[in-house]
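>
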Amino acid sequence: MHSSAHTNYRNRIVGAVCEGHGVSRFRLMPTSTQAAALSQHCGQARYVWNLAVEQHNYWRRGGRSAPSYLEQARQLTDARAASDWLRAGSQMVQQQALRDFSQAMSNYFAGTHRRPSWRKAGRDEGFRIVSLRAGHVRRLSRKVGAVRIPKVGWVRFRWSRRPPYAKSYRVTLDRSKRWHIAFASVPATIPSPQNGRIVGIDRGVVVSIALSTGTLSHAPAASPAEARRLLKLQRRISRAKPGSKRRERIKNAIARMLARQVDRRRDWIEKATTALARSFDIIRVEDLRVRDMTRSARGTKQRPGVGVRRKASLNRRILASGWGQLVRRLQEKAPGRVEKVRAAYTSQTCHSCGHVAAESRKSQAVFKCVACGHTANADINAARNIAAGHAVTARGGQPVGGPANREPHHATSPVNC
Ligand SMILES: [Zn+2]
Numbered sequence: 001m002h003s004s005a006h007t008n009y010r011n012r013i014v015g016a017v018c019e020g021h022g023v024s025r026f027r028l029m030p031t032s033t034q035a036a037a038l039s040q041h042c043g044q045a046r047y048v049w050n051l052a053v054e055q056h057n058y059w060r061r062g063g064r065s066a067p068s069y070l071e072q073a074r075q076l077t078d079a080r081a082a083s084d085w086l087r088a089g090s091q092m093v094q095q096q097a098l099r100d101f102s103q104a105m106s107n108y109f110a111g112t113h114r115r116p117s118w119r120k121a122g123r124d125e126g127f128r129i130v131s132l133r134a135g136h137v138r139r140l141s142r143k144v145g146a147v148r149i150p151k152v153g154w155v156r157f158r159w160s161r162r163p164p165y166a167k168s169y170r171v172t173l174d175r176s177k178r179w180h181i182a183f184a185s186v187p188a189t190i191p192s193p194q195n196g197r198i199v200g201i202d203r204g205v206v207v208s209i210a211l212s213t214g215t216l217s218h219a220p221a222a223s224p225a226e227a228r229r230l231l232k233l234q235r236r237i238s239r240a241k242p243g244s245k246r247r248e249r250i251k252n253a254i255a256r257m258l259a260r261q262v263d264r265r266r267d268w269i270e271k272a273t274t275a276l277a278r279s280f281d282i283i284r285v286e287d288l289r290v291r292d293m294t295r296s297a298r299g300t301k302q303r304p305g306v307g308v309r310r311k312a313s314l315n316r317r318i319l320a321s322g323w324g325q326l327v328r329r330l331q332e333k334a335p336g337r338v339e340k341v342r343a344a345y346t347s348q349t350c351h352s353c354g355h356v357a358a359e360s361r362k363s364q365a366v367f368k369c370v371a372c373g374h375t376a377n378a379d380i381n382a383a384r385n386i387a388a389g390h391a392v393t394a395r396g397g398q399p400v401g402g403p404a405n406r407e408p409h410h411a412t413s414p415v416n417c
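Number 169 in our numbering belongs to position 169 of the sequence shown; there are no gaps in the numbering.
1) Please determine, among 132, 179, 105, 249, the residue with the shortest C-alpha to C-alpha distance to residue 117.
2) DSSP state of residue 117, grouped into three classes?
3) Here's the rule: buried if 16 or more other CB atoms are within 10 angstroms of the residue's CB, otherwise exposed. What is residue 333?
4) Drop a sphere of 10 angstroms on the beta-carbon of residue 284, count the other beta-carbons inside from all chains shown, and report buried for 16 or more, exposed for fewer.
5) Find out if the Cβ-Cβ distance for the pair residue 352, residue 281 is shorter than 8 Å.
6) Return the chain-ordered list of same chain residues with a C-beta closer than 7 Å to the C-beta of residue 368, the five sequence neighbours on each side being excluded.
7) Can you find at least 3 beta carbon pairs, one from the region 152–160 and one from the region 75–82, that sit closer than 8 Å?
8) Would you tell me roughly how many angstroms separate the C-alpha atoms of residue 262 and residue 85, rounded to the nearest one?
9) Taking 5 Å as the limit, tell me which residues put their C-beta closer than that to any heavy atom of ligand 1, in chain order.
10) Taking buried to mean at least 16 other C-beta atoms within 10 Å of its own C-beta, is residue 373 buried or exposed?
11) CB-CB under 7 Å to residue 208, same chain, minus the five flanking residues each way: which ones, in chain order?
12) With burial defined as no fewer than 16 other Cβ atoms inside 10 Å of the residue's Cβ, what is the status of residue 458: buried or exposed?
13) Looking at residue 240 and residue 230, is the spacing between their C-beta atoms short of 8 Å?
14) Secondary structure at residue 107, three-state DSSP: helix, strand or coil?
15) Who are the Cβ neighbours of residue 424 in its own chain at under 8 Å, not counting the five residues just before and after it?
16) What's the gap between the Cα of residue 371 and the Cα of residue 133?
17) With 16 other CB atoms within 10 Å as the buried threshold, where does residue 379 fall?
18) State buried or exposed for residue 366, treating a residue as buried only when at least 16 other CB atoms are found within 10 Å of its CB.
19) Comparing alpha-carbon positions, which option in 384, 109, 29 lies nearest residue 345?
20) Pairing CB atoms from the region 68–79 with CB atoms from the region 30–38, are three or more of them under 8 Å?
21) List in chain order: all unbroken beta strand (DSSP E) runs of 3+ residues lying wholly within the region 128–156.
22) Would you give the residue range spanned by the alpha helix (DSSP H) that residue 324 belongs to?
23) How about residue 127 and residue 199: are their beta carbons less than 8 Å apart?
24) If we ignore side chains and look at the alpha-carbon of each, how far apart do residue 164 and residue 354 end up?
25) Provide the residue(s) that pair with residue 268 in DSSP beta bridges, ordered along the chain.
26) State the beta-bridge partners of residue 158 as determined by DSSP.
27) What does the alpha-carbon distance come out to for the pair residue 180 and residue 173?
28) Quick one: grab the DSSP three-state call for residue 237.
29) State the start and end residues of the unbroken beta strand (DSSP E) segment that holds residue 169.
30) Helix, strand or coil for residue 232, going by three-state DSSP, please let me know.
31) Under DSSP, the alpha helix (DSSP H) around residue 78 begins and ends at which residues?
32) Can the beta-carbon of residue 146 be found less than 8 Å from the beta-carbon of residue 25?
33) Checking 8 Å against the spacing of the C-beta atoms, do residue 430 and residue 37 come in under that value?
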């Protein structure tokens, strides 16, 4: 590995938050010493699980109520005190095996799953780690990540794509003796800062987001060199013979390039949404319904939409700026603190005097009120209207979001709030 690549990726730390729900699996690449330690974890998790199964079977036969998780946890403490082998292992791994069992029993009682049964060596090899902290997942190089596993240390995994932001993960050994790690993503919420601050966000096509505080922020786009290379590849693929190996290779190269761009944009969205959720009590966004807009442009086969091509290119840009994803992540990180404001006229209304006129929007970038002469960056003017939302009367008509004539401040990621 080149040392420069190492430094580049070193500080790109994945926090304990996520994108969407679900599980995503990666190949874990432990050293042989680490593999032995992982096997210990598996063995102890299985031992504790089977102990729980046995206890439940015993209680069932005795006709008494089954032991609760707490009772079993107490028994685990006793078992650890009595066994050097268990005591030497990770308490978290063992406790989590009990929690998983307890969850499996609840699922069974709820009628959604079968009764949990014995786990066998060689077949059910795995354990779960919870309370994954920010910084316990790292990218080491382009294709290699590392995860910190209790009592094992940093274990490398194949960075086939960006892992989701997760709170827990499960490590498993499959029957062909390959190790895997599966991150279970859970949306983590960010507590309100309780500072009374309200921010409005306008999404633009030219600029990714404009904040009512005066900040303009751009999501990373493809560099000119990348755009050139992409164009070249696209030209080459159109000349390649269908079904040929060459075509397949070019297709893969294009897919990799696009994946990298998506990766960067996602990274930017994560940082921007975290910064927003941390800095403001209320976040107001336009209710534009991106999805409906993108759907309508395509039209139907029988009746193609009007100006399909022009709209399609605009929609691509809207989607490219990732607005839908940004709002979704905001809602996950700041539930109940994101307000959707009616989008009508936000870009044509003067934030200073309230006059509405399409002519005030001089260009994509400049707003100049035809009534009072107030001049501002068009996106920031809109963001301030969004911030004002319906709460403007509650605040005595005071504009929200800072001095109105401040020069816009261009920010690169992450968003300065
Ligand atoms: Zn005005």
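We put the beta carbon where it would ideally sit given N, CA and C, even for glycine.
So, to answer that:
1) On the sequence shown, residue 117 is found 117 positions in, with the first residue counted as 1. Ranking 132, 179, 105, 249 by Cα distance to residue 117 puts 105 first.
2) Here the question's residue 117 lines up with position 117 in the sequence shown. Looking at residue 117 - three-state DSSP - the assignment turns out to be coil, as it is neither helix nor strand.
3) Along the sequence shown, read from residue 1 onward, the residue named residue 333 stands at position 333. Flag for residue 333 reads buried.
4) The residue you call residue 284 lines up with position 284 of the sequence shown. Buried, since its Cβ has 16 or more Cβ neighbours within 10 Å.
5) Here the question's residue 352 lines up with position 352 in the sequence shown. Here the question's residue 281 lines up with position 281 in the sequence shown. Contact: no.
6) In the sequence shown, the residue the question calls residue 368 occupies position 368. Answer for residue 368: 360, 362, 375, listed in chain order.
7) no
8) Reading the sequence shown from its first residue, position 262 is the one you call residue 262. Reading the sequence shown from its first residue, position 85 is the one you call residue 85. Taking the straight line joining both Cα atoms gives about 46 Å.
9) 350, 352, 353, 355, 369, 371, 372, 374
10) The count along the sequence shown starts at 1 and reaches residue 373 at position 373. With fewer than 16 other Cβ atoms within 10 Å, it is exposed.
11) In the sequence shown, the residue the question calls residue 208 occupies position 208. Hits under 7 Å: 217, 218, 219, 321.
12) The structure shown does not extend to residue 458, since the chain is modelled only from 1 through 417, so no value can be given for it.
13) Start at 1 with the first residue of the sequence shown, and residue 230 comes out as number 230. Start at 1 with the first residue of the sequence shown, and residue 240 comes out as number 240. Result no, Cβ atoms of residue 230 and residue 240 do not sit closer than 8 Å.
14) Position 107 of the sequence shown, counted from the start, is the residue given in the question as residue 107. Here residue 107 sits in helix by DSSP.
15) Here the chain comprises residues numbered 1 to 417, so residue 424 is not present and cannot be evaluated.
16) Mapped onto the sequence shown, residue 371 falls at position 371. Mapped onto the sequence shown, residue 133 falls at position 133. When rounded, the distance between both Cα atoms is 54 Å.
17) Your numbering for residue 379 matches position 379 in the sequence shown. Flag for residue 379 reads buried.
18) One-based indexing of the sequence shown puts residue 366 at position 366. Result: exposed.
19) Within the sequence shown, numbered from 1, the residue matching residue 345 stands at position 345. When each option's Cα is compared against that of residue 345, the closest is 384.
20) no
21) 137–139, 144–149
22) Locating residue 324 in the sequence shown gives position 324, counting from the first residue. It spans 323–333 - the alpha helix (DSSP H) in which residue 324 sits, taken as one unbroken run.
23) Within the sequence shown, the letter at position 127 stands for residue 127. Within the sequence shown, the letter at position 199 stands for residue 199. No.
24) Here residue 164 is taken as the residue at index 164 of the sequence shown, counted from 1. Here residue 354 is taken as the residue at index 354 of the sequence shown, counted from 1. Residue 164 and residue 354: Cα-Cα distance of roughly 43 Å.
25) By 1-based counting over the sequence shown, the position of residue 268 is 268. None; residue 268 has no bridge partner.
26) For this step, residue 158 is matched to residue 158 along the sequence shown. Paired residues: 144.
27) The residue you call residue 180 lines up with position 180 of the sequence shown. The residue you call residue 173 lines up with position 173 of the sequence shown. The alpha-carbon atoms of residue 180 and residue 173 are separated by roughly 6 Å.
28) Within the sequence shown, residue 237 is the residue found at index 237, counting from 1. It is helical.
29) The residue given as residue 169 occupies position 169 in the sequence shown. Residues 166–173.
30) Indexing the sequence shown from 1 puts residue 232 at position 232. Reduced to three states, the DSSP call for residue 232 is helix.
31) As a working mapping, residue 78 is identified with position 78 in the sequence shown. Segment 69–82, the alpha helix (DSSP H) holding residue 78.
32) Along the sequence shown, one-based indexing puts residue 146 at 146. Along the sequence shown, one-based indexing puts residue 25 at 25. For residue 146 and residue 25, no; Cβs fall outside 8 Å.
33) Residue 430 lies beyond the stretch modelled for the chain, which goes from 1 to 417, so this question has no answer here.
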